[in-house]
Amino acid sequence: MTHYDRLFEFYQSGSVPWDQPDPPPEVMAFVPTLPVGRALDLGCGLGRAALYLARLGWHVDAIDFIPQAITEATARAKQAGLADRIDFHVSEVNRLEYLTEPVDFALDVGCAHSFEPDELREYHQGLARLLKPNAYYLLFAHLNETEPDPEARRWMDETNLRHVFDKGFTLERIEYGQTQVGDQPPWRSGWFWFRRTL
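Written out as structure tokens, the structure reads:
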């Protein structure tokens, strides 16, 4: 089963674990410290982070490759009176050629950790093109175990992440933890605060 198929099943079932009213606490603690501007919500799902950013005055490009997620997120933005502040796009987040406006902040809560190495490089190139100098990119990712089980699901390789984003970005902060979805075993995870450099 592909990553798309797994996510599509969540939306089809109506049981989406990340369908919460607010974005994660790390986002809510960090975003208010930033000057308001233009943001990217990469893998926006049902729009919780995009709506939060828009309420604070940001203009948001919110992107997800599941059409059903974008349809519902768009409806929620209209219901909240925020449709004029959010542009929703059905797209893969490593294919951002259609975006041209410079961006002040990019957020990815659990999207890029499913990428193959070549997809991560494409994703990096898109972010490097769009983010303004000194802009932040905040990433939440499930991480591979330090001694991986060959039968376990593969997530993001932190060494590769650091290598790819070493070009044009500075990693300013990391917070490690564990994440559990439903009754599945917990995964290693981390929050990464990158800053765009020249």
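Letter by letter, the sequence shown follows residues 103 to 300 of this note's numbering.
For every residue, glycine included, the Cβ atom is placed at its ideal position computed from N, Cα and C.
### Rounded separation between residue 232 and residue 187 - CA only
Position 130 of the sequence shown, counted from the first residue, corresponds to residue 232. Position 85 of the sequence shown, counted from the first residue, corresponds to residue 187. Looking at the two C-alpha atoms, the distance is approximately 18 Å.
### Task
For residue 268, count neighbouring C-beta atoms within 10 Å of its own C-beta (all shown protein chains included) and say buried if the count is 16 or more, exposed if not.
Indexing the sequence shown from 1 puts residue 268 at position 166. So residue 268 ends up on the exposed side.
### Query
Exposed or buried, what is residue 294 when buried is set at 16 or more other beta-carbons lying within 10 Å of its beta-carbon?
Taking the first residue of the sequence shown as 1, we reach residue 294 at position 192. Under this definition residue 294 is a buried residue.
### Message
My output table needs one value for residue 299: the three-state DSSP class, helix, strand or coil.
### Response
By one-based count along the sequence shown, residue 299 stands at place 197. Correct three-state label for residue 299: coil.
#### Entry: Nearest neighbour of residue 242, chosen from 279, 159, 230 [CA to CA]
Locating residue 242 in the sequence shown gives position 140, counting from the first residue. Answer by Cα proximity: 279.
### Query
Would a C-beta distance cut-off of 8 Å place residue 208 and residue 225 closer than the cut-off?
What you label residue 208 is simply residue 106 of the sequence shown in a count that begins at 1. What you label residue 225 is simply residue 123 of the sequence shown in a count that begins at 1. Going by C-beta atoms, residue 208 is not nearer than 8 Å to residue 225.
### Neighbourhood of residue 234 by C-beta, 7 Å cutoff - its chain only, sequence neighbours within 5 removed
Translated into positions along the sequence shown, residue 234 becomes position 132. The residues are 204, 205, 206, 298.
#### Entry: DSSP beta-bridge partners of residue 264
For the purposes of this step, residue 264 is taken as the residue at position 162 of the sequence shown. DSSP lists no partner for residue 264.
#### Entry: Range covered by the alpha helix (DSSP H) that runs through residue 178
Against the sequence shown, residue 178 aligns to sequence position 76. Run containing residue 178: 169-181, per the alpha helix (DSSP H) assignment.
### Message
I believe residue 155 touches residue 141 by the beta-carbon criterion, under 8 Å. Please report the beta-carbon distance rounded to the nearest angstrom.
### Response
As a first step, residue 155 is located in the sequence shown; it is residue number 53 there, counting from the start. As a first step, residue 141 is located in the sequence shown; it is residue number 39 there, counting from the start. The pair is a contact, with the Cβ atoms about 5 Å apart (cut-off 8 Å).
### Message
Quick check on DSSP: helix, strand or coil for residue 280?
### Response
Along the sequence shown, read from residue 1 onward, the residue named residue 280 stands at position 178. DSSP places residue 280 in strand when its eight states are reduced to three.
### Opposing strand residues paired with residue 291 [DSSP bridges]
For the purposes of this step, residue 291 is identified with residue 189 of the sequence shown, where counting begins at 1. According to DSSP, residue 291 bridges with 244, 279.
### Message
As a quick exercise: from 238, 160, 175, 129, pick the residue whose alpha carbon is nearest that of residue 146.
### Response
The residue given as residue 146 occupies position 44 in the sequence shown. For the residues 238, 160, 175, 129, the minimum Cα distance to residue 146 belongs to 175.
### Query
Which runs of the beta strand (DSSP E) spanning at least 3 residues fall entirely within the segment 189-228, listed in chain order?
205-211
### Query
Should residue 281 and residue 288 be called a contact, given that it needs their Cβ atoms to be closer than 8 Å?
As a working mapping, residue 281 is identified with position 179 in the sequence shown. As a working mapping, residue 288 is identified with position 186 in the sequence shown. For residue 281 and residue 288, yes; Cβs fall inside 8 Å.
### Message
For a test of the three-state rule: what should DSSP assign to residue 124, helix, strand or coil?
### Response
To locate residue 124, count along the sequence shown from 1; it is residue 22. Coil.
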